[in-house]
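Participant:
Dropping the structure here:
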């Protein structure tokens, strides 16, 4: 049985994401053979010119989308995947409202909800990650994210005084 | 015919009625899209000699066959086309961002807007629904504010907006159309055409699929271009940005400084790309589908202009920096931001201010004439004060807001000699005296002084030709570059990505066919590039522009460069210009007066417009 923190999801680095929306095109084409952001499982928000971020399903430990569905159409596998039983979905959108990340969406044609499945049926993995030119997207676990955060905090702690020292030397 | 939406929307603002026509395959192949399709629609739907501001003058908005696909830089462009109030000839301007993608997904390759709304409105296109909405509350506000307000009103964050500012409302002939807050269809004053129609903004939302004909071929090209865009061809744009041009050109004395009084800016290092990137650039962002992202967003961190945010590139840096003799980046960035706020073309605005400063220093204009503004070169505060006047079209702003050509006519006193424009459009940041291929390119450019109609500066600056020499052969170089640029603006690929095409025609043909499945030959595409150029020329010919309009500003032809250095003494003489024009017209298959010949129109399949040239001949 997989440990919970081994659940994987696609994470976008806000430093690297430039808001180009290539992930949306890669996703919608990979999934539906069409370029159309409203059929993409990952969406890009440009809050203002410098705040850009791609957002998709986080495969939460206690997914609110699953909890919200009154018809039991949504469930989560042990790997974290959100599974939809289409015949039970009426497209009411309660799961959409419940998700804090806007990762649940209503499909314009099937009129049922959908979300990221990490392109589990593709041998080359999530298409958004594959095509992101900025390498801003990675498949991670929460543990990996925590490791990265620790590493960058430590780097900052040890490097900043060093840089300051160097600058002072240059100035004198 | 995939890639294309296959539909053209016609809209009459006077009646509020709209209808859709199919885009047929032949027209698509002949004019590709973007400016090509736009100018074709303009020429066939407009009447000779109309006032750009009259309701009958069509404003065309178009996208390209690649728009809304994932092809890097190809997916995000749109173009506006109309009669330019600045030049009286064809006006066109391309912009990028995300706006065009929604229009394509809404199901349109072009929108032809005629008429005039009774009161301020904005156009909301939501797939098949076309709605004119009240914009009285948006009147007087900036394009960025308008975008936020429309998103709020429509209740959809992914609505994309192109809007005019106060300048466009007041029919200022250097007004631009801004989309996605910081991107502009900047040149030729089309914002004023929008204003003349009481059309404050165009908001679009599209939800249709965009599909392509040959996915395997298409995606292998996307992959290849992603790689190229990480390589040397895009390195400048990805890293330091186009502001690096300043250093490169300054070393060669090719930076028009203080309204062409110099060609070298002594304080260039104070405003270098290194400093801009270190102290101002907060983030480099990308347009939709772009893999080389180049949009340098600068933020002022402290001082009176704290938190001012705008895009900074060579063009606006030059316009408010060397061109006005200003070496204070806070002010230059603020100036660029103010232009976006009022919806002014930054290059023309900079051109006007340097013209005012030149007149001031030559005592033609005084403080009293200028509402008390001390318009010395280098006076950064005066520069900002003048932008306010021009933007609001207040006080002395009314004299200058329509560009240097018109201002010089008003002032008289031989100021036409100080007015740096071609066909009424202000010059850009390339000293034409010492970049002679570029000089030819700008002289014959159908939209007036603009390096972006041929991009010949690259040829001159990289030493592929002797930039100080005017010689036979330059005509052919410009012809070929123009044809390529026409295709770039019609497929709508970003010009910054031109270097990533190693074999332009071959790769563009492959791309076009993989997208559309129309299977045209390389020769057909090359011919389309040429056809689009001649189409523009036909519009200009119909509107009365002749060889005498294919000329250069007075200073370029009469005031040699005085700065010591590699460009000293350079000037383009009348003989040199004539030599290059003859050479160019010959390469184009035009007559000595620069009019396309009947034979040329037959070759290009433009005989439907034969009357334009036969009337001239008679």
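Protein chains in written order, with my numbering: chain A, 684 to 855; chain B, 24 to 641. Heads up, the beta-carbon is just placed ideally off N, CA and C, and yes, glycines get one too. Keep in mind that this is a model prediction, so the values were computed, not measured.
(1) Over the uninterrupted alpha helix (DSSP H) stretch that includes residue 123 of chain B, give me the two end residues.
(2) For the beta strand (DSSP E) holding residue 303 of chain B, just list the boundary residues, first then last.
(3) Under 8 angstroms between the Cβ atoms of residue 594 of chain B and residue 497 of chain B?
(4) Go ahead and label residue 325 of chain B buried or exposed: buried means 16 or more other beta carbons lie within 10 angstroms of its beta carbon, across all protein chains shown.
(5) Taking 8 angstroms as the threshold (C-beta atoms), are residue 354 of chain B and residue 403 of chain B in contact?
(6) Give a yes or no on whether 8 angstroms exceeds the smallest Cβ distance from residue 805 of chain A to chain B.
(7) Which residues in chain B sit within 7 angstroms of residue 732 of chain A, going by Cβ to Cβ distance?
(8) To the nearest angstrom, how far is the alpha carbon of residue 824 of chain A from that of residue 694 of chain A?
(9) Output, in chain order, the set of chain A residues within a Cβ distance shorter than 7 angstroms of residue 312 of chain B.
(10) Would you call residue 849 of chain A buried or exposed, if buried means 16 or more other Cβ atoms sit within 10 Å of its Cβ?
(11) Just the chain B side, please: which residues come within less than 9 angstroms of residue 816 of chain A by C-beta, in chain order?
(12) Measure the CB-CB distance between residue 169 of chain B and residue 224 of chain B and report whether it falls below 8 angstroms.
(13) Mind pulling the alpha helix (DSSP H) runs of 4 or more residues that sit fully within the region 345–416 of chain B?
(14) Under the rule that 16 or more other beta-carbon atoms within 10 Å means buried, what is residue 461 of chain B, buried or exposed?
(15) Looking at the C-beta of residue 92 of chain B, does it have a partner C-beta in chain A at a distance below 8 angstroms?
(16) Please decide whether residue 829 of chain A counts as near chain B, where near means a Cβ-Cβ distance under 8 angstroms.
(17) Just tell me which of B:316, B:534, B:549, B:385 has its CA closest to the CA of residue 120 of chain B.
(18) Excluding the five sequence neighbours on either side, which residues of its own chain have a C-beta within less than 8 angstroms of the C-beta of residue 432 of chain B, listed in chain order?
(19) Which partner residues does residue 101 of chain B have in the DSSP bridge list?
(20) Using a beta-carbon distance cut-off of less than 7 angstroms, what residues from the region 126–151 of chain B approach chain A?
(21) Using CA atoms only, rank isn't needed, just tell me which of B:637, B:174, B:230 is closest to residue 790 of chain A.
(22) Decide if residue 63 of chain B is buried, meaning its Cβ has at least 16 other Cβ atoms within 10 Å, or exposed.
(23) Taking Cβ positions, are residue 482 of chain B and residue 565 of chain B nearer each other than 8 angstroms?
(24) Give the interface partners of residue 305 of chain B over in chain A, defined as CB-CB distance under 8 angstroms, in chain order.
(25) Tell me which residues share the same chain as residue 345 of chain B and place their Cβ nearer than 6 angstroms to its Cβ, disregarding the 5 neighbours each side in the sequence.
(26) Kindly identify the DSSP beta-bridge partner or partners of residue 320 of chain B.
(27) Could you confirm whether any beta carbon from chain D is found closer than 8 angstroms to the beta carbon of residue 234 of chain B?
(28) In angstroms, rounded to a whole number, what distance separates the CA positions of residue 213 of chain B and residue 568 of chain B?
(29) Would you grab the beta carbon distance between residue 91 of chain B and residue 523 of chain B for me? Rounded to a whole angstrom, and I think it's under 8 angstroms.
(30) Does residue 152 of chain B pass the burial test, meaning 16 or more other C-beta atoms within 10 Å, or should it be called exposed?
(31) Closer than 6 angstroms by C-beta to residue 611 of chain B: which residues in its own chain qualify, once you throw out the five before and the five after it? Chain order, please.
(32) So does the region 146–161 of chain B actually touch the region 238–249 of chain B, counting three or more Cβ pairs closer than 8 angstroms?
(33) Would DSSP call residue 534 of chain B helix, strand or coil?
(34) For residue 230 of chain B, return the contacting residues in chain A, with the cut-off set at a CB-CB distance below 8 angstroms.
(35) Note down, one range per segment and in chain order, each alpha helix (DSSP H) of at least 4 residues found wholly within the region 755–826 of chain A.
(36) With H, G and I counted as helix, E and B as strand and the rest as coil, what does DSSP make of residue 853 of chain A?
Facilitator: Looking at the atomic coordinates:
(1) Locating residue 123 of chain B in the second chain gives position 100, counting from the first residue. Note, residue 123 of chain B: alpha helix (DSSP H), 122–129.
(2) Numbered from its first residue, the second chain carries residue 303 of chain B at position 280. Looking at the DSSP string, residue 303 of chain B is not in any beta strand (DSSP E), and its letter there is neither H nor E.
(3) As a working mapping, residue 594 of chain B is identified with position 571 in the second chain. As a working mapping, residue 497 of chain B is identified with position 474 in the second chain. Taking 8 angstroms as the Cβ cut-off, residue 594 of chain B and residue 497 of chain B do not qualify as a contacting pair.
(4) The count along the second chain starts at 1 and reaches residue 325 of chain B at position 302. So residue 325 of chain B ends up on the exposed side.
(5) Working through the second chain from its first residue, we reach residue 403 of chain B at position 380. Working through the second chain from its first residue, we reach residue 354 of chain B at position 331. Yes. Within cutoff.
(6) Stepping through the first chain from its first residue, residue 805 of chain A is reached at position 122. Proximity of residue 805 of chain A to chain B, defined by a Cβ-Cβ separation below 8 angstroms, is not satisfied.
(7) Numbered from 1 along the first chain, position 49 holds the residue referred to as residue 732 of chain A. One finds 204, 205, 308, 320, 332 in chain B with Cβ atoms closer than 7 angstroms to the Cβ of residue 732 of chain A, taken in chain order.
(8) On the first chain, position 141 is the one that residue 824 of chain A refers to. On the first chain, position 11 is the one that residue 694 of chain A refers to. Rounded to whole angstroms, the separation of the alpha carbons of residue 694 of chain A and residue 824 of chain A is 9 angstroms.
(9) Mapped onto the second chain, residue 312 of chain B falls at position 289. Taking a Cβ-Cβ threshold of 7 angstroms, the residues of chain A close to residue 312 of chain B are 703, 704, 705, 708, in chain order.
(10) Position 166 of the first chain, counted from the first residue, corresponds to residue 849 of chain A. Low local confidence applies: a pLDDT of 49 at residue 849 of chain A is under 50, so the model's placement there is unreliable, with the coordinate-based value given in what follows. Exposed is the call here.
(11) In the first chain, the residue the question calls residue 816 of chain A occupies position 133. Listed along the chain, the chain B residues whose CB falls inside 9 angstroms of the CB of residue 816 of chain A are 95, 249, 252, 253, 309, 313, 314, 315, 316.
(12) What you label residue 169 of chain B is simply residue 146 of the second chain in a count that begins at 1. What you label residue 224 of chain B is simply residue 201 of the second chain in a count that begins at 1. Yes. Within cutoff.
(13) If we require 4 residues or more, the alpha helix (DSSP H) runs fully inside the region 345–416 of chain B come out as 352–365, 369–384, 403–415.
(14) Along the second chain, one-based indexing puts residue 461 of chain B at 438. When all chains shown are included, residue 461 of chain B counts as buried.
(15) What you label residue 92 of chain B is simply residue 69 of the second chain in a count that begins at 1. Look at residue 92 of chain B: its C-beta is under 8 angstroms from a C-beta on chain A.
(16) Position 146 of the first chain, counted from the start, is the residue given in the question as residue 829 of chain A. With 8 angstroms as the cut-off, residue 829 of chain A does not count as an interface residue toward chain B.
(17) If you number the second chain from 1, residue 120 of chain B lands on position 97. The option with the nearest alpha carbon to residue 120 of chain B is B:316.
(18) To locate residue 432 of chain B, count along the second chain from 1; it is residue 409. These residues qualify, in order along the chain: 439.
(19) Here residue 101 of chain B refers to the residue found at position 78 when the second chain is read from its first residue. Residue 101 of chain B is bridged to B:118.
(20) Under the 7 angstroms Cβ criterion, the region 126–151 of chain B contributes 128.
(21) Taking the first residue of the first chain as 1, we reach residue 790 of chain A at position 107. Distances from the CA of residue 790 of chain A to each of B:637, B:174, B:230 were compared; the closest alpha carbon is that of B:230.
(22) On the second chain, position 40 is the one that residue 63 of chain B refers to. Buried, by the Cβ-count rule.
(23) For the purposes of this step, residue 482 of chain B is taken as the residue at position 459 of the second chain. For the purposes of this step, residue 565 of chain B is taken as the residue at position 542 of the second chain. Not in contact: residue 482 of chain B and residue 565 of chain B (Cβ atoms no closer than 8 angstroms).
(24) Within the second chain, residue 305 of chain B is the residue found at index 282, counting from 1. Within chain A, the residues placing a beta-carbon under 8 angstroms from that of residue 305 of chain B are 733, ordered along the chain.
(25) Here the question's residue 345 of chain B lines up with position 322 in the second chain. Closer than 6 angstroms at Cβ, skipping near neighbours: 278, 280, 288.
(26) As a first step, residue 320 of chain B is located in the second chain; it is residue number 297 there, counting from the start. Note: residue 320 of chain B sits in a beta bridge opposite B:306, B:334.
(27) Among the protein chains in the structure shown, which are A and B, there is no chain D.
(28) Numbered from 1 along the second chain, position 190 holds the residue referred to as residue 213 of chain B. Numbered from 1 along the second chain, position 545 holds the residue referred to as residue 568 of chain B. The straight-line gap from Cα to Cα measures roughly 19 angstroms.
(29) Here the question's residue 91 of chain B lines up with position 68 in the second chain. Here the question's residue 523 of chain B lines up with position 500 in the second chain. Contact between residue 91 of chain B and residue 523 of chain B does not hold, since their C-beta atoms are separated by about 20 angstroms, which reaches or exceeds 8 angstroms.
(30) In the second chain, counting from the first residue as 1, residue 152 of chain B sits at position 129. The residue is exposed, with fewer than 16 neighbouring Cβ atoms inside 10 Å.
(31) On the second chain, residue 611 of chain B is found 588 positions in, with the first residue counted as 1. Only 502 meet the Cβ criterion.
(32) In this structure the region 146–161 of chain B does not lie against the region 238–249 of chain B, because fewer than three pairs of beta carbons, one per stretch, are closer than 8 angstroms.
(33) For the purposes of this step, residue 534 of chain B is identified with residue 511 of the second chain, where counting begins at 1. For residue 534 of chain B, the secondary structure class from DSSP, reduced to helix, strand or coil, is helix.
(34) Residue mapping note: residue 230 of chain B aligns to position 207 of the second chain, counting from 1. 719, 721, 791, listed in chain order.
(35) Look at the region 755–826 of chain A and you find these whole runs of alpha helix (DSSP H), each 4 residues long or longer: 777–781, 810–814.
(36) The residue labelled residue 853 of chain A in the question sits at position 170 within the first chain. The pLDDT assigned to residue 853 of chain A is 46, lower than 50, so where the model puts this residue is not dependable; a value taken from the coordinates is nonetheless given after this. Looking at residue 853 of chain A - three-state DSSP - the assignment turns out to be helix.
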